[in-house]
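Please read the structure below before turning to the comments.
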Amino acid sequence: MKGYRDNAKNLLKSASVDIGDRIKIRKRGQEFEGLLMPRTKGEAADHIVMKLDSGYNIGIKATEDTEIEKIREGKEPEMRRHGEKVEPDADKPNISIIGTGGTVASRVDYRTGAVHPAFSASEIYNSAPEIAEIANIETNNVCNVLSENMTPELWSKVGNAVAEDLNDGADGVIVAHGTDTMSYTASALSFMLKNLSKPVVLVGSQRSSDRPSSDVTLNLTGAVSVAISNLAEVCVVMHGSTEDEFCLIHRGTKVRKCHTSRRDAFQSINDLPLGIVRDKSVRFFQDKRGRRKNGKVEVEDGFEEKVALVKIFPSIQGEIIEKLIEDGYKGIVLEGTGLGHTPESLFSGIEKAIEKNIPVAMTSQCIWGRTNMRVYSTGRDLLDLGVFPVEDMLPETALVKMMWILDKTQEMEEVQARMKENIAGEISSRTRADTFLKPKIPGEE
1 MKGYRDNAKN LLKSASVDIG DRIKIRKRGQ EFEGLLMPRT KGEAADHIVM KLDSGYNIGI
61 KATEDTEIEK IREGKEPEMR RHGEKVEPDA DKPNISIIGT GGTVASRVDY RTGAVHPAFS
121 ASEIYNSAPE IAEIANIETN NVCNVLSENM TPELWSKVGN AVAEDLNDGA DGVIVAHGTD
181 TMSYTASALS FMLKNLSKPV VLVGSQRSSD RPSSDVTLNL TGAVSVAISN LAEVCVVMHG
241 STEDEFCLIH RGTKVRKCHT SRRDAFQSIN DLPLGIVRDK SVRFFQDKRG RRKNGKVEVE
301 DGFEEKVALV KIFPSIQGEI IEKLIEDGYK GIVLEGTGLG HTPESLFSGI EKAIEKNIPV
361 AMTSQCIWGR TNMRVYSTGR DLLDLGVFPV EDMLPETALV KMMWILDKTQ EMEEVQARMK
421 ENIAGEISSR TRADTFLKPK IPGEE
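Read in UniProt numbering, the sequence shown has 305 at position 305, and its numbers run on one by one without any break.
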């Protein structure tokens with residue numbers, strides 16, 4: 001009974017249930033239905049743990065008024081020992097999972113607070129047993145860092161590992177990544193990987209696999225389903241709701257983490273998601289680059305690290321821009337207010353930067369919508385100084401794109417032209433009215 005004892009064990013035995021069975025528990029006028037979960041020896045002996053259909057676990061104390069009904073017999077997931085060789089199935093596609101660190105590839109030791117990497121093929125299968133029904137997997141741990149410690153050098157390392165696996169015959173590649181900077185890495189891979197013929201899927205989790213409300217299983221299963229789909233571009237696959245219902249597929253240059261802790265933290269910005277994964281079935285909403293049968297994936301990596309993203313705020317002083325110039329920065333992306341504005345206090349610094357051949361791009365901190373610097377006089381003055389807008393590109397995507405371009409050229413006109421070019425779906429051709437996220441107001445339709 002995997003950790004159950006005393007009253008809880010006796011109650012489960014009387015109902016002839018075992019780990020993995022679907023059960024219903026009635027207690028004090030309430031009913032709960034889900035799968036019976038195993039327990040560890042260190043946990044309280046008098047509670048029964050079940051996984052609800054929402055994906056969350058619940059513990060119910062076993063008392064005299066607790067009734068258990070077996071709905072149907074289940075199957076306890078097959079657990080594989082760490083490092084155990086998993087034999088491939090010749091009839092299934094082959095997927096490579098590249099590890100970079102992050103919650104999706106970790107377990108937490110709650111006695112010490114330490115986070116331990118868990119990234120062998122056997123551990124991935126144990127985190128999401130459904131994967132074995134979809135594809136064969138091989139794992140490759142390229143680095144093991146918290147995502148806030150990702151660097152342009154590591155972006156290049158990951159990109160080259162992705163290309164190598166695809167060119168060696170993998171049917172798709174998954175990059176397991178921490179969620180905090182996943183959108184930056186997704187943008188970097190979108191720009192550097194050329195002639196993609198198969199899917200490249202970034203996936204993470206908000207909660208580690210040993211937590212009761214973990215999103216690891218659904219996210220990994222969704223990522224593998226997309227990795228064998230008819231897609232040939234970089235995307236992010238994460239929970240699409242707070243429950244274990246479906247995952248959404250986001251284009252790598254149009255996605256942002258919009259909540260610190262929700263399982264559905266990732267949203268496509270200024271665009272619809274590419275598609276949805278529900279019960280391992282993939283459905284696309286819009287045009288995408290489709291899988292091709294041939295072609296070698298090439299890597300055009302390299303990033304100029306001396307590029308700054310400057311968020312505009314009231315009272316910001318021109319010394320900030322002048323310090324960037326003094327420190328040798330090669331490019332600046334402004335996260336302007338509204339349609340793309342800065343206070344006049346920055347004008348002199350911006351003018352000095354452009355005079356020194358430092359490109360200055362304008363994005364908006366509003367997240368949704370696009371820049372338009374011709375509406376108000378401040379925007380027109382900035383245009384006259386040489387600041388150029390980049391439509392509805394996300395600030396973090398614009399930062400990564402400028403870093404990538406400046407590694408190839410520092411010719412001002414060419415940098416501006418390439419920044420305005422839609423290279424990897426980072427610029428929408430029009431502003432959609434149906435992509436803005438609005439909260440539901442209680443009592444309103």
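Where a beta carbon is used, it is the ideal one built from N, C-alpha and C, also for glycine.
Closer than 8 Å by C-beta to residue 228: which residues in its own chain qualify, once you throw out the five before and the five after it? Chain order, please.
-> Contacts found: 93, 95, 134, 135, 171, 172 and 199.
Could you tell me which residues DSSP puts in a beta bridge with residue 267?
-> Bridge partners of residue 267: 256.
Considering only residues of the same chain and omitting the five flanking positions on each side of residue 60, which have a CB-CB separation below 6 Å?
-> Answer for residue 60: 25 and 48, listed in chain order.
Residue 66 to residue 32, Cα distance in whole Å?
-> Near 11 Å, if we compare the C-alpha coordinates of residue 32 and residue 66.
Jot down the residue ranges of each uninterrupted beta strand (DSSP E) in the segment 292-351, minimum 3 residues, whole runs only, in chain order.
-> Complete beta strand (DSSP E) runs here, min 3: 307-311 and 331-336.
In or out: residue 30 buried (at least 16 other Cβ within 10 Å) or exposed?
-> That one is exposed.
Whole-number beta carbon distance between residue 360 and residue 328, since they are thought to touch under 8 Å | Rounded to the nearest angstrom, the Cβ distance from residue 328 to residue 360 is 15 Å, too far for a contact under 8 Å.
Closest by C-alpha distance to residue 201, when choosing among 233, 278 and 193 = The residue with the shortest Cα to Cα distance from residue 201 is 233.
May I ask which residues mark the beginning and end of the beta strand (DSSP E) holding residue 425?
-> Careful: residue 425 lies outside any beta strand (DSSP E) and carries neither H nor E.
Do residue 231 and residue 318 have their C-beta atoms within less than 9 Å of each other?
-> Taking 9 Å as the cut-off, the Cβ atoms of residue 231 and residue 318 do not count as close.
Return the chain-ordered list of same chain residues with a C-beta closer than 6 Å to the C-beta of residue 111, the five sequence neighbours on each side being excluded.
-> Low local confidence applies: a pLDDT of 39 at residue 111 is under 50, so the model's placement there is unreliable, with the coordinate-based value given in what follows. Within the same chain, no Cβ atom closer than 6 Å to the Cβ of residue 111 is found once the five residues on either side in sequence are excluded.
Pick from 340, 381 and 346: whose alpha carbon is nearest that of residue 365?
-> Nearest to residue 365 by alpha-carbon distance, out of 340, 381 and 346, is 340.
Hey, out of 193, 205, 20 and 130, whose CA is closest to residue 163's CA?
-> Looking at 193, 205, 20 and 130, the one whose alpha-carbon comes closest to that of residue 163 is 193.
Residue 412 to residue 270, Cα distance in whole Å?
-> Distance between the alpha carbons of residue 412 and residue 270 is about 28 Å.
Buried or exposed by the 16-neighbour rule on C-beta atoms within 10 Å, applied to residue 268 | Buried, since its Cβ has 16 or more Cβ neighbours within 10 Å.
Should residue 323 go down as buried or exposed, given a rule of 16 or more other Cβ atoms within 10 Å for buried?
-> Residue 323 is exposed by the Cβ-count criterion.
Inter-stretch contact (C-beta, 8 Å, three-pair minimum) for the segment 274-285 and the segment 302-314 = The segment 274-285 and the segment 302-314 do not touch, with fewer than 3 CB-CB distances between them shorter than 8 Å.
With a Cβ-Cβ cutoff of 9 Å, do residue 242 and residue 256 count as a contact?
-> Their beta carbons are not under 9 Å apart, which means residue 242 does not touch residue 256 by this criterion.
Could you tell me which of 72, 272 and 294 sits nearest to residue 35, measuring between CA atoms?
-> Taking residue 35 as reference, the option from 72, 272 and 294 with the minimal CA-CA separation is 72.
Residue 10 by DSSP, collapsed to three states: which one?
-> Annotated three-state conformation of residue 10 is helix, per DSSP.
Skipping 5 residues on each side, what residues in its chain have a beta carbon closer than 8 Å to that of residue 15?
-> Correct list, in chain order: 23, 68, 69 and 70.
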